[in-house]
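Working notes, structure below.
In the working numbering, the protein residues as written are 2 to 845.
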């Protein structure tokens, strides 16, 4: 049945896109009748009437009124009518528009900063995915975690809630219920996540950013560039960069409440939020707070788990308080002060059985992991002549996550190796961007900057041997150019326009390495209907402090346990490596962008991407039991070690544990096996992204269809001596294909949306022959009705009713080896099942 759902939804989307009425082939016109009201309300209405995304700088429109608008208008004409006489501008963006003013910190041309460049208004040669606030709400999404789960370019592994204990550490883990973005499945630590363009602190042991710490009411939009961006933003941006933009200049009060839950049981969701803002004179302030609570999903609530893993918690209990504050103050006319601040406190709980019968009264492990984080990013921006802005900005982030819990055996309770991870990140940067010179094709613009960043990581616990206290400094400088070679009408024989971008960044990590990363971009439009984009660059990821300084563990085994023959013992060492160097990648992409004028509202982007990732930090020996028998591991084996070599290996370990059953005897040791972290791995990732959308007037409303599909093929090699193995399409890795399609209709505050989410199958290669694990096709429906034009107590009320996974598609079962293994691929498929929710919000 799941493939019938996919087929029906695909046919409907294709029919909507290809079989639109003839009237839609010209610029769509509809009857627009708006009363005189606030400009913010009129702009929202225009977006809903035309089914377009209209992103508004709320500070720019605060307190402004729009005149009544009546007529048979196009989208652009309607916007112009609403903005008439205001001095505000509408910039085209992703088929919609961004509304902004000529604020002092934007320069005279009113251009805005875009993710993917430090230069305001610069065209970006890489594909950009943009999700604005209203788009998320129309889809029934209520958190950043909801949004990223639906993005085909994102992988559910990494640091994310609900990952099972059978997920390999290289694919992800659930430390404390946080959520992270993991583009292309390269790891949460290979995607750079920013908040209003600034770095946040890492969370837990992984070098990942917890996006679930942001209150949903504070978010204006999310920009994602799934392409290497280290030349622009530095370490971690191997797979791409995500920038979460907070609402600025909101004037009013917005309160919301959401209730939801799974029809199969568990996952009862409560979410309450309030956003308050004020704009006055030369300043603005926006505060958002959110409380949310989600109950656990237990194995006995799911048919595919109740008999296989009784007593196991499949999805944890979560509770959090999130808060944010965004301030802006104009100080001296051309000098502006900004402050972005964020606070999060979360509780995570999970129970696993310690016996095969799943009898929790006999034995169990109760885990409770509270976490806390906060960050602040102040900045001063000075507007100078020639459209230059100079910014002195800084940021500080702090995160503390507790781990561990309690083992319970009847009435006996034992500490489960509890401890704390603590991360700090601080940064200061001086940068500027603006116009260098005007040429016939436009303005050549530049951005330059220098900065310093420091990261600190601590781990403490019940065992002194687990203690880590380390820090890393980095110094950097960057430069970027945007060059319009020629523009429309200048060189008709060559095409419509050609734009080039060049960027480079230098970073120095004392005691680690220095890295130089370039990036080149090209956008060529042979006509107004077609654009060709190309991007090439280098990216890198510096080793995490955990990867470098995790205390080594030294174990003594019988040699036969590690694959040896002939008796004797062997010393096995694993842990961090302070000599690690940065991981490096070469990225390139090519995009065909079609936006035919003869088919107004239609857009198609096809992107091919290619990533060669080398010097990956890995534990080179995959199977410890083959350490002494597999020739591929020979470089990590020391045969017949001397007493001095044995003593050095034992001294490396914070602990030395003997599993042989007899006393340690140096004369019987036949080998030392070193499985510590090394720069040895290689990965290749390549594939195709397809983005298509089409919208047109239908009756008195607007119909919109959109498809985002991503095909990926990835392989890895842990060391030069080992075989190349597939990643994509295998268990606990991204499937080869993921896609999301949407069809929506909107009119006068009412919107209806249907979506299918195709998550392809994978193969379980842990056995021979491998086993196919079927994919999932959850289908969602959302109804939204806004009473913006109502009078009295009903004015400003917004209702959202949503059914996620309406047909209750379930994950397929996989083989397990332990009673606490999750019996499905928890990196790709969800145990939520059908989820019903209702959201009620009101604005004053």
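Glycine included, every Cβ here is placed at the ideal spot set by N, Cα and C.
- Task: Would you kindly check if the distance between the Cβ of residue 83 and the Cβ of residue 67 is under 8 Å?
- Result: Counting from one through the chain shown, the residue named residue 67 turns up at place 66. Counting from one through the chain shown, the residue named residue 83 turns up at place 82. Their beta carbons are under 8 Å apart, which means residue 67 touches residue 83 by this criterion.
- Residue environment, residue 793, which counts as buried when at least 16 other CB atoms sit within 10 Å: Taking the chain shown and counting its residues from 1, the one referred to as residue 793 is at position 792. Counting Cβ neighbours within 10 Å, residue 793 comes out exposed, since fewer than 16 surround it.
- If you check the beta carbons only, do residue 732 and residue 765 fall under 8 Å apart? Position 731 of the chain shown holds residue 732. Position 764 of the chain shown holds residue 765. Result yes, Cβ atoms of residue 732 and residue 765 sit closer than 8 Å.
- Message: Does residue 80 come out as helix, strand or coil in the three-state DSSP assignment?
- Response: Here residue 80 refers to the residue found at position 79 of the chain shown. If DSSP states are grouped into helix, strand and coil, residue 80 belongs with the helices.
- Backbone secondary structure at residue 215 - three-state DSSP: The residue given as residue 215 occupies position 214 in the chain shown. When DSSP states are grouped into helix, strand and coil, residue 215 belongs to the coil group.
- Item | Residue of 272, 650, 279 and 227 minimising C-alpha distance to residue 249 | By 1-based counting over the chain shown, the position of residue 249 is 248. For the residues 272, 650, 279 and 227, the minimum Cα distance to residue 249 belongs to 279.
- Exposed or buried, residue 708, counting other C-beta atoms within 10 Å across all chains shown (16 or more means buried)? The sequence position of residue 708 within the chain shown is 707, counting from 1. Buried.
- Terminal residues of the continuous alpha helix (DSSP H) containing residue 138? Numbered from its first residue, the chain shown carries residue 138 at position 137. In the DSSP assignment, residue 138 falls within the alpha helix (DSSP H) that extends over 134–139.
- Task: Hey, could you find the ends of the alpha helix (DSSP H) residue 646 is sitting in?
- Result: Residue numbering aside, residue 646 sits at position 645 when the chain shown is read from its first letter. Per DSSP, residue 646 belongs to the alpha helix (DSSP H) from 644–653.
- Item | Contacting residues, own chain, Cβ-Cβ under 7 Å from residue 361 (five flanking each side not counted) | Taking the first residue of the chain shown as 1, we reach residue 361 at position 360. These residues qualify, in order along the chain: 312, 352 and 354.
- Exposed or buried, what is residue 658 when buried is set at 16 or more other beta-carbons lying within 10 Å of its beta-carbon? Taking the chain shown and counting its residues from 1, one reaches residue 658 at position 657. Result: exposed.
- Rank 671, 590 and 634 by C-alpha distance to the C-alpha of residue 689 and give the top, closest one. In the chain shown, the residue the question calls residue 689 occupies position 688. In terms of CA proximity to residue 689, 590 leads the group 671, 590 and 634.
- Query: Beta carbon of residue 85, beta carbon of residue 33: below 8 Å?
  - Reply: Counting from 1 along the chain shown, the entry for residue 85 is found at position 84. Counting from 1 along the chain shown, the entry for residue 33 is found at position 32. No, the pair does not count as a contact, with Cβ atoms beyond the cut-off.
- Query: Is residue 452 closer than 8 Å to residue 434 when the C-beta atoms are compared?
  - Reply: Position 433 of the chain shown, counted from the first residue, corresponds to residue 434. Position 451 of the chain shown, counted from the first residue, corresponds to residue 452. Not closer than 8 Å, so no.
- Task: Identify whether residue 725 lies in helix, strand or coil by the three-state DSSP scheme.
- Result: Sequence index remark: in the chain shown, residue 725 carries index 724 (1-based). Residue 725: coil per DSSP, three-state reduction.
- Item | Coil, strand or helix - residue 66 by DSSP | Counting from one through the chain shown, the residue named residue 66 turns up at place 65. If DSSP states are grouped into helix, strand and coil, residue 66 belongs with the strands.
- Span of the beta strand (DSSP E) holding residue 696? As a working mapping, residue 696 is identified with position 695 in the chain shown. That run of the beta strand (DSSP E) goes 679–699.
- Item | Cβ pair count under 8 Å reaching 3, the region 569–586 against the region 241–259 | The region 569–586 makes no contact with the region 241–259: fewer than 3 CB pairs, one atom from each, lie closer than 8 Å.
- Message: Quick check on DSSP: helix, strand or coil for residue 593?
- Response: Stepping through the chain shown from its first residue, residue 593 is reached at position 592. Here DSSP, grouped into helix, strand and coil, assigns residue 593 to strand.
- Rounded separation between residue 339 and residue 332 - CA only: Locating residue 339 in the chain shown gives position 338, where the first residue counts as 1. Locating residue 332 in the chain shown gives position 331, where the first residue counts as 1. Taken atom to atom, the span from the alpha-carbon of residue 339 to that of residue 332 is near 10 Å.
- Task: Quickly, what does DSSP pair residue 258 with across the bridge? List them, please.
- Result: As a first step, residue 258 must be located in the chain shown, where it is residue number 257. BP columns for residue 258 point to 273 and 841.
- chain D beta carbons: is any one of them nearer than 8 Å to that of residue 675? The structure shown contains no chain D, having only a single protein chain.
- Between the CA atoms of residue 285 and residue 449 - distance to the nearest angstrom: As a position in the chain shown, residue 449 is number 448, starting the count at 1. As a position in the chain shown, residue 285 is number 284, starting the count at 1. Spanning the two alpha carbons is a distance of roughly 28 Å.
- Between which two residues does the alpha helix (DSSP H) containing residue 149 stretch? For the purposes of this step, residue 149 is taken as residue 148 along the chain shown, with counting starting at 1. 145–150 is the span of the alpha helix (DSSP H), which, as asked, contains residue 149.
- Taking just the CA atoms, how far does residue 390 sit from residue 521? What you label residue 521 is simply residue 520 of the chain shown in a count that begins at 1. What you label residue 390 is simply residue 389 of the chain shown in a count that begins at 1. Linking residue 521 to residue 390 through their CA atoms gives a straight-line distance of about 24 Å.
- When 599, 561 and 524 are compared against residue 592, the one with the closest alpha-carbon: In the chain shown, counting from the first residue as 1, residue 592 sits at position 591. Looking at the Cα atoms, 524 is the closest of the given residues.
- Message: Between the alpha carbons of residue 211 and residue 195, how many angstroms are there, rounded?
- Response: In the chain shown, counting from the first residue as 1, residue 211 sits at position 210. In the chain shown, counting from the first residue as 1, residue 195 sits at position 194. Take the alpha-carbon of residue 211 and the one of residue 195: they are about 11 Å apart.
- Item | Whole-angstrom distance between residue 377 and residue 625, CA atom to CA atom | Counting from 1 along the chain shown, the entry for residue 625 is found at position 624. Counting from 1 along the chain shown, the entry for residue 377 is found at position 376. One C-alpha to the other measures close to 44 Å.
- Message: Can you tell me whether residue 234 is helix, strand or coil according to DSSP?
- Response: Indexing the chain shown from 1 puts residue 234 at position 233. Secondary structure of residue 234 (DSSP, three-state): helix.
- Three-pair Cβ contact test at 8 Å for the region 457–472 versus the region 490–503: Cβ pair count under 8 Å is below three, so no.
- Task: Excluding the 5 residues preceding and the 5 following residue 294 in the sequence, name in chain order all residues of the same chain whose CB lies nearer than 6 Å to its CB.
- Result: To locate residue 294, count along the chain shown from 1; it is residue 293. 271 and 320, listed in sequence order.
- Does the distance from the CB of residue 774 to the CB of residue 714 come in under 8 Å? Residue mapping note: residue 774 aligns to position 773 of the chain shown, counting from 1. Residue mapping note: residue 714 aligns to position 713 of the chain shown, counting from 1. Residue 714 sits away from residue 774, with the two beta carbons spaced by 8 Å or more.
- In the DSSP assignment, what residue or residues form a beta bridge with residue 714? Residue 714 sits at position 713 when you count from the first residue of the chain shown. Its beta-bridge partners are 687.
- CB-CB under 7 Å to residue 235, same chain, minus the five flanking residues each way: which ones, in chain order? The sequence position of residue 235 within the chain shown is 234, counting from 1. If we look at residue 235 and ignore the five residues flanking it on each side, its Cβ neighbours are 477, 506 and 508.
- residue 27, DSSP secondary structure in three states: Taking the first residue of the chain shown as 1, we reach residue 27 at position 26. Reliability fails at residue 27, whose pLDDT of 40 lies under 50, so the model's placement of it is uncertain and no value is given.
- Same chain, Cβ closer than 6 Å to residue 46, five either side skipped, listed in chain order: If you number the chain shown from 1, residue 46 lands on position 45. Closer than 6 Å at the Cβ level, and outside the excluded window around residue 46, lie 35.
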